[in-house]
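This report concerns only the one structure given below.
Numbering (the working numbering), first residue to last: 247 to 713.
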């Protein structure tokens with residue numbers, strides 16, 4: 247199988263140095279896919295980046311050239327990571343292969359992402375798909391669209407051969423030597439890994455330090471501004487991705503406290519689990535489905551709106567109690583860490599790649615299925631109501647050109663078919679289903695009425711075209 251990835255995730259050193267979660271997950275995703283198929287990415291010239299990973303020069307000068315290039319390449323699928331809407335519209339027009347769009351979140355950035363997701367959804371062909379990185383994101387998007395069958399949640403993975411449990415004392419000695427701080431050898435250590443900012447849980451983490459003066463609280467990640475903090479808080483800064491297993495392993499407990507509305511599948515949680523850590527996380531986004539029962543989930547006091555993309559408040563005292571429970575029981579820490587490691591093994595990048603391969607195969611089957619045109623011709627005329635007032639009328643006829651459908655060759659629906667239903671049936675013959683959905687939402691007074699109309703015409707069309 248040949249898969250085209252529209253973003254060039256191939257430079258390992260550049261990706262590792264970026265500390266960008268999106269870039270790291272994209273790179274790992276591509277490497278995992280390459281075990282099961284040939285992966286091609288855009289490049290200025292043809293080049294091999296590694297086993298089954300190739301750079302290829304696209305020919306996108308004109309629409310015709312682009313279409314011919316995709317036909318010659320004969321890709322089995324295209325994987326796009328949160329593409330620009332214009333790029334998706336272009337690919338849909340010129341590429342016959344199924345397109346899978348990877349989604350990291352559904353909200354955030356002043357709802358711009360919602361707008362982007364809905365536009366992408368509307369452009370999908372029947373054999374394309376959206377692939378959210380967590381079931382949570384799939385559920386959130388599913389609340390906004392009519393046809394959830396386009397949503398295929400596939401969780402991000404973790405490299406369980408890199409993120410492994412290590413000797414904790416040895417890890418602490420190495421960090422103590424690097425930092426010159428002997429407290430790593432003298433105190434329990436609770437960690438925060440990621441950007442140290444409000445939406446990631448910076449405030450409750452600092453507040454926990456005030457509540458637990460005999461515990462060392464270590465921040466591993468970028469700090470955007472100086473903050474007043476207790477003496478038992480240490481900032482280690484952003485660390486290279488390749489060094490993160492060391493920093494995870496020197497912790498007793500990991501905190502993942504994000505309340506950002508655009509959170510999806512927190513890599514910190516799954517990496518910490520793979521290193522055998524008990525995790526205290528917010529009961530939000532993808533954290534619960536990753537963590538399961540292998541940690542503690544903290545409830546969020548949700549805001550009615552989302553100021554600065556922050557969904558709610560978490561009480562430091564509640565988090566502190568959960569952390570304290572782990573610190574007070576080494577037996578529970580060890581048992582929970584072992585369970586977390588076992589669960590993390592279920593979320594390998596290989597498993598992520600295998601699920602995408604199966605998805606592409608099912609989409610190809612759907613694309614190659616015999617086409618069944620809707621056997622209805624819809625005409626629009628004028629008529630009069632009982633009072634003689636002119637009105638618009640739509641009628642459906644059971645033939646297309648010289649072909650006759652399964653019903654008698656007479657008109658049907660008649661006065662029972664509303665103008666909007668007739669228009670919907672007509673559009674179904676010329677547009678993809680999600681485009682018809684978008685049009686009806688704009689034409690109807692409410693989304694509920696649009697969905698009611700859409701459900702009726704789609705079910706009716708399915709009935710007529712069923713084999």
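Glycine included, C-beta positions come from ideal geometry on N, C-alpha and C.
Reduced DSSP secondary structure (H/G/I, E/B, other) of residue i
| i | result |
| --- | --- |
| residue 300 | strand |
| residue 638 | strand |
| residue 673 | helix |
| residue 548 | strand |
| residue 422 | helix |
| residue 709 | helix |
| residue 580 | helix |
| residue 515 | helix |
| residue 543 | strand |
| residue 247 | coil |
| residue 360 | helix |
Under 9 Å between C-beta atoms of residue i and residue j
| i | j | result |
| --- | --- | --- |
| residue 280 | residue 261 | no |
| residue 671 | residue 685 | no |
| residue 517 | residue 409 | yes |
| residue 635 | residue 626 | no |
| residue 371 | residue 678 | yes |
| residue 285 | residue 317 | no |
| residue 483 | residue 467 | yes |
| residue 497 | residue 436 | yes |
| residue 256 | residue 327 | no |
| residue 341 | residue 508 | no |
| residue 536 | residue 562 | no |
| residue 323 | residue 609 | yes |
| residue 387 | residue 367 | yes |
Residue-level contact to chain C via CB, residue i, 9 Å cutoff
| i | result |
| --- | --- |
| residue 447 | The structure shown has no chain C; it contains just one protein chain. |
Rounded straight-line distance, which links the Cα of residue j to that of residue i
| i | j | result |
| --- | --- | --- |
| residue 474 | residue 534 | 31 Å |
| residue 431 | residue 271 | 33 Å |
| residue 529 | residue 547 | 11 Å |
| residue 469 | residue 339 | 44 Å |
| residue 692 | residue 698 | 10 Å |
| residue 575 | residue 566 | 14 Å |
| residue 268 | residue 611 | 30 Å |
| residue 303 | residue 282 | 22 Å |
| residue 590 | residue 520 | 5 Å |
| residue 579 | residue 399 | 31 Å |
| residue 417 | residue 495 | 6 Å |
| residue 505 | residue 628 | 56 Å |
| residue 405 | residue 695 | 47 Å |
| residue 452 | residue 433 | 17 Å |
| residue 669 | residue 682 | 9 Å |
| residue 592 | residue 622 | 49 Å |
| residue 289 | residue 301 | 5 Å |
| residue 249 | residue 311 | 20 Å |
| residue 700 | residue 287 | 38 Å |
| residue 702 | residue 675 | 15 Å |
| residue 689 | residue 705 | 20 Å |
| residue 337 | residue 538 | 38 Å |
The beta strand (DSSP E) enclosing residue i, as first and last residue numbers
| i | result |
| --- | --- |
| residue 399 | Counting along the chain, residue 399 falls outside any beta strand (DSSP E), and DSSP gives it neither H nor E. |
| residue 338 | Careful: residue 338 lies outside any beta strand (DSSP E), inside the alpha helix (DSSP H) at 331-340. |
| residue 285 | 284-288 |
| residue 378 | 375-378 |
| residue 630 | 623-630 |
| residue 464 | 462-466 |
| residue 435 | 435-439 |
Boundaries (first-last residue) of the alpha helix (DSSP H) holding residue i
| i | result |
| --- | --- |
| residue 491 | 490-495 |
| residue 448 | 448-457 |
| residue 613 | 595-614 |
Q | the segment 484-495 touching the segment 376-388, judged by at least three CB pairs closer than 8 Å | A | By the C-beta criterion, the segment 484-495 is judged not to be in contact with the segment 376-388, since fewer than 3 inter-stretch pairs fall below 8 Å.
Q) Is the segment 596-613 touching the segment 534-545, taking contact as three or more C-beta pairs under 8 Å? A) By the Cβ criterion, the segment 596-613 is not in contact with the segment 534-545, since fewer than three pairs of Cβ atoms, one from each stretch, lie closer than 8 Å.
Q: Count the CB pairs spanning the segment 513-531 and the segment 409-425 that are closer than 8 Å, and state whether there are at least three.
A: Yes: the two stretches touch, three or more of their Cβ pairs being nearer than 8 Å.
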